[in-house]
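K.L.:
Just passing along the structure, written as structure tokens.
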Amino acid sequence: MNSEILVNVTPMETRVAIVENGAVQEVYIERSQNRGIVGNIYRGKVVRVLPGMQAAFVDIGLERAAFIHASDIDISHPRLHDEHQTSENKNVPPIFQLVREGEPITVQVIKDPIGTKGARLTTQLSIPSRYLVYVPDSDHIGVSQRIEGDSERERLRELVNSCKDDVGIEKGGFILRTAAESIGEAEIRKDMDYLRRLWRVLEERIKSEKAPQIVYEDLPLHLRITRDLIRADVDKIRIDSRENFQNTLDFVRKYTPEVEPILEYYPGERPVFDLFNVEEDIRRALSRKVDLKSGGYLIIDQTEAMTTIDVNTGAFVGHRNLEETIFKTNLESVTAIVRQLRMRNLGGIIIIDFIDMEDTEHQRQVLRMLEKLLEKDHAKTKVTGVSELGLVEMTRKRTRESLEQMLTEYCQVCDGRGRIKTAQTVCYEIFREILREARAYDTKSYMVLAAQAVVDRLLDEESAAVADLEEFIRKPIHFRVEPMYSQEQFDVVLQ
3 MNSEILVNVT
13 PMETRVAIVE
23 NGAVQEVYIE
33 RSQNRGIVGN
43 IYRGKVVRVL
53 PGMQAAFVDI
63 GLERAAFIHA
73 SDIDISHPRL
83 HDEHQTSENK
93 NVPPIFQLVR
103 EGEPITVQVI
113 KDPIGTKGAR
123 LTTQLSIPSR
133 YLVYVPDSDH
143 IGVSQRIEGD
153 SERERLRELV
163 NSCKDDVGIE
173 KGGFILRTAA
183 ESIGEAEIRK
193 DMDYLRRLWR
203 VLEERIKSEK
213 APQIVYEDLP
223 LHLRITRDLI
233 RADVDKIRID
243 SRENFQNTLD
253 FVRKYTPEVE
263 PILEYYPGER
273 PVFDLFNVEE
283 DIRRALSRKV
293 DLKSGGYLII
303 DQTEAMTTID
313 VNTGAFVGHR
323 NLEETIFKTN
333 LESVTAIVRQ
343 LRMRNLGGII
353 IIDFIDMEDT
363 EHQRQVLRML
373 EKLLEKDHAK
383 TKVTGVSELG
393 LVEMTRKRTR
403 ESLEQMLTEY
413 CQVCDGRGRI
423 KTAQTVCYEI
433 FREILREARA
443 YDTKSYMVLA
453 AQAVVDRLLD
463 EESAAVADLE
473 EFIRKPIHFR
483 VEPMYSQEQF
493 DVVLQ
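According to my numbering, the sequence shown is numbered sequentially starting from 3.
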């Protein structure tokens, strides 16, 4: 599989597209005015403790207070040694034993603010480098699940253990990242030394900074990709900004020199995103409907609670029989679904309504293909299988806003419903409003101000109803088009 990473930089925002086999699979956007804060470490202040929710709100200097659950607080908290614990709260102690209002607390952001919700926090700090993640409050040495060989996993654990004392790291644990597969002792030592020096600086800041204050800020997007998104199959990283290319090159030479050969400045006349039609793919990713090559299509609806994906055969009629047509459509839709999950960065609960398959072997093949394609996803996913209703239920870890949340806002006309009242419905609302006004006030006539479509219907299809209403209230009714009104807006003016 051939992969490229395209980096488009402007003063306002940085956009990154991951292209696999010529097709865009993921898009990351970071705007200068509201950068993502996942990974940032803050010296915060507890502003409210909620025992009923086992959680607390923490002021970290943002517009909205951030949220921390008791399960995300390190249970080795010193206060727990002083207070009585029952067997019921042994695993997750009551929140009031862990934090108190007004006290400072060092936290790390694990989920960006999304919608009306504040950032999600943890006290279990971690600092990433190219191959390792340093966890100061743990002695555990973990290995990425994507590194599958048992012998390789054991080799890496032994390598980290042997290097810890030599580098001078007395406490803390490590997680070996996917990029660490097959690396040697020199790379591990270099990463450990970097993390040791960084953590000492952060320790001093944590002791000296007053809450709320940022202690550590993660790298900007164009540098993060060289640390987090590079895999063995990435052939090229193209950056269209000379300044940011040089900035990235300096960073790579210092911390990830193995990335330098694939780094390339792109000076072309065509925008770098036009090389693989990225702009068009972003536009399509904001649509409800996704067309399949066979003629079938997906309908994707994103809500606050979950995302639903409905698979339809559409114009695809197949060649053999109905069951074969359904199976082929479902199989084709899997590739499109996984791509859309990554492109749109859909997270949380996801319900997929494949077309009903009677053949259990067909169900198994579709499910297996879904799980196989999800292995390429950077986000953690879990598929629970086919439910009794024939739905596939899955979860995908959400740490940042989806593409839709980042690039769009609720429609002011429909208030986010996605639908508006028909002209006929608005006409009947106008009739009821006129009747209310006629009972309450004495006037010579009425003027209705409404959108073009509504006035057209009042003068055409509803003209007989208007005449009956005029006869009933014994007053004339006049109409005027207001070009700035939405279809649901209207006013009834007494004259």
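The beta-carbon is built from N, C-alpha and C at its ideal position, and this holds for glycine as well.
Owing to the predicted nature of the structure, the values given are computational and were not obtained by experimental measurement.
Whole angstroms is fine: what's the gap from Ser-243's alpha carbon to Leu-223's?
P.N.:
As a working note, residue 243 is residue 241 in the sequence shown. As a working note, residue 223 is residue 221 in the sequence shown. If you take the alpha carbons of Ser-243 and Leu-223, they lie about 14 Å apart.
K.L.:
According to DSSP, simplified to helix, strand and coil, what is Thr-228?
P.N.:
Looking up residue 228 in the sequence shown gives position 226. Here Thr-228 sits in helix by DSSP.
K.L.:
If we call anything under 8 Å between Cβ atoms a contact, is Arg-344 one with Leu-405?
P.N.:
Along the sequence shown, read from residue 1 onward, the residue named residue 344 stands at position 342. Along the sequence shown, read from residue 1 onward, the residue named residue 405 stands at position 403. The criterion of a C-beta distance shorter than 8 Å is not satisfied by Arg-344 and Leu-405.
K.L.:
Have a look at Glu-36 and Val-385 and give me their C-alpha separation to the nearest angstrom.
P.N.:
Here residue 36 refers to the residue found at position 34 when the sequence shown is read from its first residue. Here residue 385 refers to the residue found at position 383 when the sequence shown is read from its first residue. According to the sequence displayed, residue 36 carries Asn and not Glu. If I take the Cα positions, the gap works out to 33 Å.
K.L.:
Assuming Arg-233 and Leu-221 make a contact with CB atoms under 8 Å, what is their CB distance in whole Å?
P.N.:
On the sequence shown, residue 233 is found 231 positions in, with the first residue counted as 1. On the sequence shown, residue 221 is found 219 positions in, with the first residue counted as 1. Arg-233 to Leu-221, Cβ: 18 Å. No contact.
K.L.:
Anyone know if the C-beta pair for Ile-479 and Tyr-430 falls short of 8 Å?
P.N.:
Looking up residue 479 in the sequence shown gives position 477. Looking up residue 430 in the sequence shown gives position 428. Their beta carbons are not under 8 Å apart, which means Ile-479 does not touch Tyr-430 by this criterion.
K.L.:
Could you pull the start and end residues of the beta strand (DSSP E) that Ala-68 belongs to?
P.N.:
The residue you call residue 68 lines up with position 66 of the sequence shown. Note, Ala-68: beta strand (DSSP E), 68-71.
K.L.:
Counting along the chain, where does the alpha helix (DSSP H) carrying Met-371 start and finish?
P.N.:
Within the sequence shown, the letter at position 369 stands for residue 371. Met-371 -> alpha helix (DSSP H) spans 362-376.
K.L.:
Which runs of the beta strand (DSSP E) at least 3 residues long sit entirely within the region 34-64? Give them in chain order.
P.N.:
43-52 and 57-61
K.L.:
Starting from the C-beta of Gln-110, find all residues in its chain whose C-beta is less than 6 Å away, skip the five residues before and the five after it, and write them out in chain order.
P.N.:
Within the sequence shown, the letter at position 108 stands for residue 110. If the five residues before and after Gln-110 are omitted, its C-beta is found closer than 6 Å to the C-beta atoms of Ile-43, Thr-124 and Leu-127, all from its own chain and listed in chain order.
K.L.:
Counting only runs that start and end within the region 123-169, where is the alpha helix (DSSP H) found for 4 or more residues in a row?
P.N.:
152-169
K.L.:
To which residues of the same chain is Val-40 closer than 8 Å at the C-beta, ignoring the five residues directly before and after it?
P.N.:
The residue you call residue 40 lines up with position 38 of the sequence shown. Cβ contact annotation for Val-40 (same chain, cutoff 8 Å, sequence separation greater than five): Val-111, Ile-112, Lys-113, Asp-114, Asp-220, Thr-401 and Arg-402, in chain order.
K.L.:
Rounded to whole angstroms, what is the Cα-Cα separation between Arg-520 and Arg-155?
P.N.:
Absent from the structure is residue 520, since the part of the chain shown begins at 3 and ends at 497.
K.L.:
Which whole-angstrom value is the C-beta distance of Leu-496 and Tyr-412, which I expect to be below 8 Å?
P.N.:
Numbered from its first residue, the sequence shown carries residue 496 at position 494. Numbered from its first residue, the sequence shown carries residue 412 at position 410. In this structure Leu-496 is not in contact with Tyr-412, their Cβ atoms being roughly 34 Å apart against a cut-off of 8 Å.
K.L.:
Identify, in the order they occur along the chain, each residue of the same chain with its Cβ nearer than 7 Å to the Cβ of Arg-290, setting aside the five sequence neighbours on each side.
P.N.:
Counting from 1 along the sequence shown, the entry for residue 290 is found at position 288. Contacts found: Ile-301, Ile-302 and Asp-303.
K.L.:
If Val-340 and Leu-375 are in contact, beta carbons under 8 Å, what's the gap, nearest whole angstrom?
P.N.:
Translated into the one-based positions of the sequence shown, residue 340 becomes position 338. Translated into the one-based positions of the sequence shown, residue 375 becomes position 373. The Cβ separation is near 4 Å, so the contact holds.
K.L.:
For a test of the three-state rule: what should DSSP assign to Ser-447, helix, strand or coil?
P.N.:
As a first step, residue 447 must be located in the sequence shown, where it is residue number 445. Ser-447 falls in the coil class under three-state DSSP.
K.L.:
Kindly list the residues whose CB is nearer than 7 Å to the CB of Lys-382, restricted to its own chain and excluding five residues on each side of it in sequence; keep chain order.
P.N.:
Your numbering for residue 382 matches position 380 in the sequence shown. Lys-399.
K.L.:
Which residues in the same chain have their Cβ closer than 6 Å to the Cβ of Thr-309, if we skip the five residues on either side of it in sequence?
P.N.:
On the sequence shown, position 307 is the one that residue 309 refers to. Once the five neighbours on either side are set aside, the close Cβ partners of Thr-309 are Leu-348 and Ile-352.
K.L.:
Let me make sure I understand the geometry here. Which of Leu-158, Ile-311, Ile-354 and Gln-342 has the alpha-carbon closest to that of Glu-189?
P.N.:
For the purposes of this step, residue 189 is taken as residue 187 along the sequence shown, with counting starting at 1. Closest option to Glu-189, Cα to Cα, is Leu-158.
K.L.:
Determine the burial state of Glu-90: buried for a count of at least 16 other Cβ atoms within 10 Å of its Cβ, exposed for fewer.
P.N.:
Taking the first residue of the sequence shown as position 1, residue 90 is located at position 88. Low confidence applies to Glu-90: its pLDDT is 40, below 50, so where it sits in the model is not reliable, and the reading given next is rough at best. Result: exposed.
K.L.:
Considering only C-alpha positions, which residue in the set Val-236, Gln-215 and Ile-216 is nearest to Asn-4?
P.N.:
On the sequence shown, position 2 is the one that residue 4 refers to. If we check each option's Cα against that of Asn-4, Val-236 comes out closest.
K.L.:
Check Gln-99 in the structure and name its three-state DSSP category.
P.N.:
Translated into the one-based positions of the sequence shown, residue 99 becomes position 97. Looking at Gln-99 - three-state DSSP - the assignment turns out to be helix.
K.L.:
Do you know whose CA, among Val-254, Ile-70 and Lys-423, lies nearest Met-55's CA?
P.N.:
Here residue 55 is taken as the residue at index 53 of the sequence shown, counted from 1. Nearest of Val-254, Ile-70 and Lys-423 to Met-55, Cα basis: Ile-70.
K.L.:
Of all the alpha helix (DSSP H) runs that stay within the bounds of the region 381-468, which reach a length of 4 or more residues?
P.N.:
405-409, 425-442 and 454-461
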